[in-house]
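First up is the structure itself, then whatever we jot down about it.
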């Protein structure tokens, strides 16, 4: 049975004033029924972003298996190669927790891909650096990434990929501004 309060032409749900508890019951049985068109669009967007992220990571894991590395290790190796000086700096850029980055760095160090030395600006901190073997592994993974990217960009169309990237970057900025504004208002 379809709900009596279907979306209006504006995409907004009308409130059923006859039974105030009815909407709550419907939300519990089918939470998607309570979404307006904009909420459905945004839900589709978030699902697509998460699905794309998962697919890229899965392919990265498969692509780097020949180097006995995962997509997460690859990202950490890249950041070390670019000169990030601490687990905190790597965590901030990758979105991984500092604990996860420390664990990955320890594994990479055990494998001889990364070494640490004292950070001369803060002797309490160890600075990760790529070893010769680490550079070789990273160069191999990056070469494989170049081939993979060339194949995919042809199929995904370079201009659409650029437009999508710009849109996602704009969405990140907007969401960060919304988060900052909510903090200023005291809403968490």
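In this note's numbering, the protein residues as written are 10 to 197.
The C-beta atom is built at its ideal place from N, Cα and C for all residues, glycine as well.
Three-pair Cβ contact test at 8 angstroms for the segment 83 to 96 versus the segment 119 to 139: By the criterion of at least three beta-carbon pairs nearer than 8 angstroms, the segment 83 to 96 is in contact with the segment 119 to 139.
If you run the structure through DSSP and keep just helix, strand and coil, what is residue 10? Here residue 10 refers to the residue found at position 1 of the chain shown. Confidence in residue 10 is poor, its pLDDT being 41 and thus under 50, which makes the residue's placement unreliable; the coordinate value appears in the next sentence. Residue 10: coil per DSSP, three-state reduction.
When you compare the CB positions of residue 129 and residue 123, do they come within less than 7 angstroms of one another, or not? Translated into positions along the chain shown, residue 129 becomes position 120. Translated into positions along the chain shown, residue 123 becomes position 114. Taking 7 angstroms as the Cβ cut-off, residue 129 and residue 123 do not qualify as a contacting pair.
Looking only at its own chain, which residues have a Cβ that is under 8 angstroms from the Cβ of residue 144, when we skip the five neighbours before and after it? Position 135 of the chain shown, counting from 1, holds the residue named residue 144. Cβ neighbours of residue 144 within its own chain (closer than 8 angstroms, five residues either side excluded): 90.
Hey, residue 147 and residue 99 are a contact pair by Cβ (cut 8 angstroms); roughly how many whole angstroms apart? Residue numbering aside, residue 147 sits at position 138 when the chain shown is read from its first letter. Residue numbering aside, residue 99 sits at position 90 when the chain shown is read from its first letter. Residue 147 to residue 99, Cβ: 14 angstroms. No contact.
Determine the extent of the beta strand (DSSP E) in which residue 89 is found, giving its start and end residues. Taking the chain shown and counting its residues from 1, one reaches residue 89 at position 80. Run containing residue 89: none in the beta strand (DSSP E); it sits in the alpha helix (DSSP H), 80 to 90.
Short Cβ contact (7 angstroms threshold) for residue 103 with residue 121: Counting from one through the chain shown, the residue named residue 103 turns up at place 94. Counting from one through the chain shown, the residue named residue 121 turns up at place 112. For residue 103 and residue 121, no; Cβs fall outside 7 angstroms.
Residues in the same chain with beta-carbon distance under 8 angstroms from residue 109, minus the five sequence neighbours each way, listed in chain order, please. Numbered from 1 along the chain shown, position 100 holds the residue referred to as residue 109. Shown here for residue 109: same chain residues with a beta carbon closer than 8 angstroms to its own, the five before and five after excluded, namely 81 and 100 in chain order.
State the Cα-Cα distance for the pair residue 75 and residue 153, rounded to the nearest angstrom. What you label residue 75 is simply residue 66 of the chain shown in a count that begins at 1. What you label residue 153 is simply residue 144 of the chain shown in a count that begins at 1. Approximately 10 angstroms, taken between the alpha carbons.
According to DSSP, simplified to helix, strand and coil, what is residue 130? Numbered from its first residue, the chain shown carries residue 130 at position 121. Three-state result, residue 130: coil.
What first and last residue would you give for the alpha helix (DSSP H) that runs through residue 98? For the purposes of this step, residue 98 is identified with residue 89 of the chain shown, where counting begins at 1. Here the alpha helix (DSSP H) through residue 98 covers 96 to 103.
Using the Cα positions of residue 59 and residue 190, report the straight-line distance between them to the nearest angstrom. The residue labelled residue 59 in the question sits at position 50 within the chain shown. The residue labelled residue 190 in the question sits at position 181 within the chain shown. Computed Cα separation, rounded: 25 angstroms.
Residue 69, buried or exposed, once every other Cβ within 10 Å from all chains shown has been counted against 16: Position 60 of the chain shown, counting from 1, holds the residue named residue 69. When all chains shown are included, residue 69 counts as buried.
Work out the CA separation of residue 167 and residue 185 for me, nearest whole Å. Indexing the chain shown from 1 puts residue 185 at position 176. Indexing the chain shown from 1 puts residue 167 at position 158. Just so you know, the alpha carbons of residue 185 and residue 167 end up roughly 27 angstroms apart.
Could you tell me the boundaries of the alpha helix (DSSP H) in which residue 122 lies? Reading the chain shown from its first residue, position 113 is the one you call residue 122. Following the DSSP letters along the chain, one finds residue 122 in no alpha helix (DSSP H), marked with neither H nor E.
For residue 162, I'd like the list of residues in its chain whose CB is within less than 7 angstroms of its CB, leaving aside the five on either flank, ordered along the chain. Start at 1 with the first residue of the chain shown, and residue 162 comes out as number 153. Its chain contains 170 as the residues whose beta carbon lies nearer than 7 angstroms to that of residue 162, once the 5 sequence neighbours on both sides are disregarded; these appear in chain order.
Using the beta-carbon count (16 or more within 10 Å), is residue 150 buried or exposed? Here residue 150 is taken as the residue at index 141 of the chain shown, counted from 1. By the neighbour-count rule (16 or more Cβ atoms within 10 Å), residue 150 is buried.
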